[in-house]
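Quick note on full-length UniProt numbering: the sequence shown kicks off at 1 and runs consecutively.
Yeah, the Cβ is synthetic: ideal placement off N, Cα and C, and Gly gets one too.
Given the structure is predicted, the values throughout are model-derived calculations rather than measurements.
Report on one structure; see the data block that follows.
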Amino acid sequence: MRAQFRLQSGWANLALFYLASHPKVVRDAVNHLSAQVDANPLSVPTGLALPDGPTGWPRVRQALAAYLGGRAEDVAVTASTSIGLGVFYNGVVTRPGQEFLLTEHDHIAHRTAARLAAVKHGSTLRLGSWFADPATATADGIAAAVGEAIRPNTRVVGITWVQSSTGLRMPVRAVAEVVRRANEDRSPADRCLLVVDGVHGLGAVDEDVAGLGADVVIAGTHKWLFGPRGTGLVWVAPDVLDQLRPTFVSFISGGGAAPLSPGGFLAFEHAFALPVAVALHEQLGRARVAARITQLSTQVKQGLSRIPGVTVHTPADAKLSAGITCFSVAGHTHQQVVDHAATRRVRLSTSTYTRIGTAVINTPAEIDTALNSLADLTR
């Protein structure tokens, strides 16, 4: 599997969740389609094919649906998580005085999409808190906090499946049950919708997205899934589809969630190669991929916990974490930690904290190299 990627030789790249490095099968598919577009741009609507057969929006949506455990008609296609969040928040039907409920731990793209839509539609954005410390958070505690924060005018609860700021994996099913109870006596127009930014769970966690209990799940497919760069999705539960309005003209025909897909001319060779990335993950096995990611992230968390001066901010519980581990080193800024690791040819990233990402193509030896570089920093 590692041979599929053109990663810089001699470096341990533990930040691959930032943006996908295309595996060879995806590169080949993109090039195959690009040649067809160059030869005849008019072939884009109906005439493009991968080596194993025709491709286009129907095949893309069907491939994604199979991976999500849902139906193709419930999938809209976007170019990124950020665009998908904009599609949802700008399109959800609201009344003046209703609110969107998020937290500071959600990505700025999520918070900004909600804020801009709130200003436009006369709604408000409120930031709650699901835990005091992500490292000691519990599923029951998080679900209870969400339940206590929901108000009669809460129209949307927006959460992040795996937070890039803390590494915590939200207990989506438990939160969905809390939201369901809050909706028991509400009319459709007052229904509280659960929307999930799923970008760091999709391709890293062994779950059927369509079975999580959320109303809407939004994700880029160009991170853990190794999809072509510039691809993403919005999955919509069928019973809430009438609560969303399209924002853009769509070039995808048909009903269901198709009208929510932003239209326009884009890198069709990337979009229509997405089924190849999905097939690669299906060949590897979603459970095997998730188990490997968990194995490596557990190695990271255990190793970090043994280094003096290091504080791990991601839960140790594998059920409340995935492939991102966040930590800090006493006496050093996060950028200093990243810069030091780079002197040992280790790529880390930083956001709220320093982060180590464990992709399926990383190795235990790479984790050891990173841990040794951090141990040297604290001596």
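Of the residues the options, which one's Cα is nearest the Cα of residue i?
i, options, result
"W235", "A63, L168, H105", "A63"
"P51", "V30, Y67, A66, L68", "V30"
"D197", "L33, V209, A20", "V209"
"P246", "G91, F17, A39", "G91"
"S297", "V217, V240, V360", "V360"
"T94", "A273, R229, A189", "A189"
"L233", "S21, A72, A39", "A72"
"G53", "F272, K301, A316, T352", "F272"
"I159", "L377, V216, G122, N183", "V216"
"residue 381", "V157, A204, V172, L202", "Any answer about residue 381 is impossible in this case: the structure gives the chain only from 1 up to 379."
"D206", "L68, T378, Q163", "L68"
"R173", "A287, N40, D317, V146", "V146"
"I83", "K120, T343, L42, I218", "I218"
"A375", "V310, P315, N362, T352", "V310"
"V249", "N153, A214, G263", "G263"
"D317", "S43, D140, T136, N153", "T136"
"A267", "R6, W57, R344", "W57"
"T369", "H332, L194, S253, L304", "L304"
Just verifying my parser: in three-state terms, what is the DSSP assignment at residue i?
i, result
"L64", "helix"
"T378", "helix"
"residue 401", "Any answer about residue 401 is impossible in this case: the structure gives the chain only from 1 up to 379."
"P54", "strand"
"D197", "strand"
"I142", "helix"
"G232", "strand"
"F327", "strand"
"I108", "helix"
"V360", "coil"
"T369", "helix"
"I307", "coil"
Would you say residue i and residue j are within 8 Å of each other, going by their C-beta atoms?
i, j, result
"W161", "H222", "no"
"F74", "P238", "At residue 74 the sequence reads Asp, which differs from the Phe that was named. It is a contact, given that the beta carbons lie within the stated cut-off."
"A12", "E282", "no"
"Q8", "P23", "no"
"A176", "G323", "no"
"E184", "V37", "no"
"T354", "P308", "no"
"A149", "L225", "no"
"residue 415", "T352", "The requested residue 415 is not part of the displayed model; the chain covers only 1 to 379."
Beta strand (DSSP E) containing residue i: first to last residue?
i, result
"A219", "216–220"
"E73", "From DSSP, E73 is part of no beta strand (DSSP E); its letter is neither H nor E."
"E99", "99–103"
Assuming residue i is part of the alpha helix (DSSP H), what are its boundary residues?
i, result
"E177", "172–182"
"T124", "First-last for T124: 124–128, but that is the beta strand (DSSP E), not the alpha helix (DSSP H)."
"L14", "Element bounds for L14: n/a, residue is neither H nor E."
"S82", "81–91"
Query raised in the report: So does the stretch 287–304 actually touch the stretch 71–86, counting three or more Cβ pairs closer than 8 Å?
Result: no
Query raised in the report: Are the stretch 270–282 and the stretch 131–143 touching by the rule of at least three beta carbon pairs closer than 8 Å?
Result: no
Query raised in the report: Within the chosen definition, does the stretch 101–115 reach the stretch 84–92 through at least 3 CB pairs nearer than 8 Å?
Result: yes
Query - At least 3 beta-carbon pairs within less than 8 Å: the stretch 100–109 vs the stretch 150–169 - result: yes
Report task. Inspect the CB distances between the stretch 252–267 and the stretch 319–333 and report whether three or more fall short of 8 Å. Result -> no
**Report entry** Touching by the beta-carbon criterion (3+ pairs, under 8 Å), the stretch 14–26 and the stretch 346–360
**Finding:** yes
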